[in-house]
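**Student:** Protein sequence lines correspond, in order, to chains H and D.
Using the numbering used here, read the first sequence as starting at 1 and increasing by one per residue.
Using the numbering used here, read the second sequence as starting at 133 and increasing by one per residue.
Beta carbons are placed, not taken as given, at the ideal position from N, Cα and C, and that holds for glycine.
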Amino acid sequence: MAYSDKLVDHFENPRNMGALDKESDEVGTGLVGAPACGDVMKLQLKISDDGIIEDAKFKTFGCGSAIASSSLVTEMVKGKSVEFAENLENGAIAEELSLPPVKIHCSVLAEDAIKAALADYRRKQAAKNAPA
Amino acid sequence: MTQCWQCREPVQGPVCAGCGAIQPPPPHPDLFAILGMSPSFVIDRKAVDKAWRAASRKVHPDRFAGASAVQRRMALQWTAHLNRARKVIRDETQRAWYLATGSERPSEGANKQPDPAFLEEVFELNMLRAEDPEAAILRAGELQGTEQARLAALFAAQEKGGSLDAVPAILNRLNYLSTVISGGHE
Numbered sequence: 001m002a003y004s005d006k007l008v009d010h011f012e013n014p015r016n017m018g019a020l021d022k023e024s025d026e027v028g029t030g031l032v033g034a035p036a037c038g039d040v041m042k043l044q045l046k047i048s049d050d051g052i053i054e055d056a057k058f059k060t061f062g063c064g065s066a067i068a069s070s071s072l073v074t075e076m077v078k079g080k081s082v083e084f085a086e087n088l089e090n091g092a093i094a095e096e097l098s099l100p101p102v103k104i105h106c107s108v109l110a111e112d113a114i115k116a117a118l119a120d121y122r123r124k125q126a127a128k129n130a131p132a
Numbered sequence: 133m134t135q136c137w138q139c140r141e142p143v144q145g146p147v148c149a150g151c152g153a154i155q156p157p158p159p160h161p162d163l164f165a166i167l168g169m170s171p172s173f174v175i176d177r178k179a180v181d182k183a184w185r186a187a188s189r190k191v192h193p194d195r196f197a198g199a200s201a202v203q204r205r206m207a208l209q210w211t212a213h214l215n216r217a218r219k220v221i222r223d224e225t226q227r228a229w230y231l232a233t234g235s236e237r238p239s240e241g242a243n244k245q246p247d248p249a250f251l252e253e254v255f256e257l258n259m260l261r262a263e264d265p266e267a268a269i270l271r272a273g274e275l276q277g278t279e280q281a282r283l284a285a286l287f288a289a290q291e292k293g294g295s296l297d298a299v300p301a302i303l304n305r306l307n308y309l310s311t312v313i314s315g316g317h318e
């Protein structure tokens, strides 16, 4: 199978690999998995008070396409608004990396990870703002 | 009892006893029934192979080489069903999935998320594997044993009316664990 140069680049030089403080209420953590292939993807977003994604980190155990998808998605959302990330669709990731059809689910996983991280962030914010 | 499509006599099984015509296979046959087996999680693989050989002989395309194109096609369809039945029933994961859901396990798209605590455990196991593969594999092996025991217990309880609803989730967990053990992410 021929993979695109961009995909290989993200796999060999993954951007934003690592972790953020998951206890911080500025950080949303999304952990998702794909039972079919056994992949797990952890994606974290650090979000400022005005709704800008200041930092994004990931750690993925999976195939090259899953690693490249999560690497690319952190690059895509960094510096953008929460609304932008919320509306990000897997098709944009798949297209950018020219994912072959059998690997489209890797981009779905990356989209799910972003959504899960945003949901976690919202949960934390709601808990923080709730009257004690 | 159905009628033979050729001689109109009542027919049982894939081949008419009267005129010898092969019958059209049902579109979604019961995989255990077409091998002449009762559905069961506990199986003897040799018995499966034996049942498959016996069933295959009756519908083997060579037997219908001189028959009409329609019958040759039916022989191929039967053979394909029988081969699939053997493959699904021999494999523990596929067999369990089939028994629990009545359909074959999708190779992809069974993407129901496992519970977060388990996913966290799998993530930690993968982290550990990078540092200490032996420890990670041992731990994953233990968890695998626990899940396999749960699976067997569910099927044992089914005979007393227990539900198999939890089976797909257990199979998904086993799949994660086997990926940790093999270290294989294709």
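1) Is any beta-carbon of chain D found at less than 9 Å from that of residue 35 (chain H)?
2) Would you give the residue range spanned by the beta strand (DSSP E) that residue 221 (chain D) belongs to?
3) So is residue 342 (chain D) buried or exposed if we call it buried at 16+ other beta carbons inside 10 Å?
4) I'd like to confirm the pairing. Which residues does DSSP put opposite residue 147 (chain D) in its beta bridges?
5) Below 7 Å between beta carbons is the criterion; list the residues of the region 57-73 of chain H that meet it against any residue of chain D, in chain order.
6) Is there a Cβ of chain D sitting closer than 9 Å to that of residue 82 (chain H), yes or no?
7) Which ranges does the beta strand (DSSP E) cover as unbroken runs of at least 3 residues, wholly within the region 37-105 of chain H, from first to last along the chain?
8) Tell me the rounded alpha-carbon separation between residue 311 (chain D) and residue 259 (chain D).
9) How many angstroms separate the CA atom of residue 125 (chain H) from the CA atom of residue 26 (chain H)?
10) Of all the options H:18, H:68, H:98, H:110, which has the alpha carbon lying nearest to the alpha carbon of residue 87 (chain H)?
11) Interface residues of chain H around residue 245 (chain D) at Cβ under 7 Å?
12) Starting from residue 174 (chain D), trace the beta strand (DSSP E) both ways and give me its first and last residue.
13) What is the rounded straight-line gap between the Cα of residue 277 (chain D) and the Cα of residue 305 (chain D)?
14) Nearest CA to the CA of residue 7 (chain H): which residue from H:100, H:118, H:84?
15) Given this structure, state the Cα-to-Cα distance separating residue 145 (chain D) from residue 284 (chain D), to the nearest angstrom.
16) At 8 Å on the CB atoms, spell out the chain D contacts of residue 42 (chain H), in chain order.
17) Checking contacts by CB at 9 Å: is residue 275 (chain D) closer than that to chain H?
18) When DSSP builds the beta bridges, which residues end up paired with residue 32 (chain H)?
19) Grouping DSSP H, G and I as helix and E and B as strand, with all else coil, what is residue 193 (chain D)?
20) Using a Cβ-Cβ cutoff of less than 7 Å, which residues in the same chain neighbour residue 96 (chain H) once the five nearest sequence positions on both sides are dropped?
21) Nearest chain H C-beta to residue 258 (chain D) closer than 9 Å, yes or no?
22) Out of D:221, D:134, D:181, state which residue places its alpha-carbon closest to the alpha-carbon of residue 174 (chain D).
23) Residues of chain H with CB closer than 8 Å to the CB of residue 308 (chain D), please, in chain order.
24) Closer than 7 Å, Cβ to any Cβ of chain H: which residues of the region 202-233 of chain D, in chain order?
25) Suppose contacts are defined by Cβ-Cβ distances below 9 Å. Is residue 229 (chain D) in contact with residue 216 (chain D) by that definition?
26) Which residues in chain H have a C-beta closer than 7 Å to the C-beta of residue 278 (chain D)? List them in chain order.
27) Taking the alpha helix (DSSP H) that residue 162 (chain D) falls in, what are its first and last residues?
28) Out of H:130, H:131, H:129, H:114, which one is the CA nearest neighbour of residue 28 (chain H)?
29) Does the CB of residue 312 (chain D) have a neighbour CB from chain H at under 9 Å?
30) With residue 304 (chain D) as the anchor, note down where its alpha helix (DSSP H) starts and where it stops.
31) So with CB distances below 9 Å, who are the chain H contacts of residue 331 (chain D)?
32) Would you say residue 241 (chain D) faces chain H, with C-beta separation under 9 Å as the test?
33) Any idea which residues DSSP pairs residue 142 (chain D) with across the strands?
**Tutor:** Taking the coordinates as given:
1) Yes, because at least one Cβ of chain D sits closer than 9 Å to the Cβ of residue 35 (chain H).
2) Looking at the DSSP string, residue 221 (chain D) is not in any beta strand (DSSP E); the run it does join, the alpha helix (DSSP H), is 201-222.
3) Outside the modelled stretch of chain D, which goes from 133 to 318, sits residue 342 (chain D), for which no answer is possible.
4) BP columns for residue 147 (chain D) point to D:154.
5) Taking 7 Å as the Cβ-Cβ cut-off against chain D, the residues of the region 57-73 of chain H that qualify are 61, 62, 63.
6) By this cut-off, residue 82 (chain H) is not an interface position.
7) Within the region 37-105 of chain H, the complete beta strand (DSSP E) segments of 3 residues or longer fall at 39-47, 53-61, listed in chain order.
8) Rounded to whole angstroms, residue 311 (chain D) to residue 259 (chain D) spans 13 Å at the Cα level.
9) Their Cα atoms are separated by approximately 8 Å.
10) Relative to the Cα of residue 87 (chain H), the nearest Cα in the group H:18, H:68, H:98, H:110 belongs to H:110.
11) Within 7 Å Cβ-Cβ: 32, 33.
12) From DSSP, residue 174 (chain D) is part of no beta strand (DSSP E); its letter is neither H nor E.
13) So the two alpha carbons sit approximately 11 Å from each other.
14) The option with the nearest alpha carbon to residue 7 (chain H) is H:100.
15) For residue 145 (chain D) and residue 284 (chain D), the gap between their C-alpha atoms comes out near 32 Å.
16) Correct list: 255.
17) For residue 275 (chain D), the answer is no, since every Cβ of chain H falls outside 9 Å of its Cβ.
18) DSSP output for residue 32 (chain H) lists H:41 as bridge partner(s).
19) Here residue 193 (chain D) sits in helix by DSSP.
20) Only 6, 72 meet the Cβ criterion.
21) Closer than 9 Å: yes.
22) Selected option, being the one with the closest Cα: D:221.
23) By Cβ distance, chain H contributes 33, 35, 38, 40.
24) Cβ contacts with chain H: none found.
25) No, these two residues do not count as a Cβ contact at 9 Å.
26) Those within 7 Å of residue 278 (chain D) in chain H number zero; the least Cβ separation is about 17 Å.
27) Premise fails: residue 162 (chain D) is in no alpha helix (DSSP H) and is neither H nor E.
28) Residue 28 (chain H) has its Cα closest to that of H:114, out of H:130, H:131, H:129, H:114.
29) It does: the Cβ of residue 312 (chain D) has a partner Cβ on chain H nearer than 9 Å.
30) Start and end: 299-314.
31) Residue 331 (chain D) falls outside the range modelled here, since chain D spans only 133 to 318, and no answer is possible.
32) Since pLDDT at residue 241 (chain D) reaches only 47, below the 50 mark, its modelled position is unreliable, and no value is offered.
33) For residue 142 (chain D), which the question treats as bridged, DSSP gives the partners D:135.
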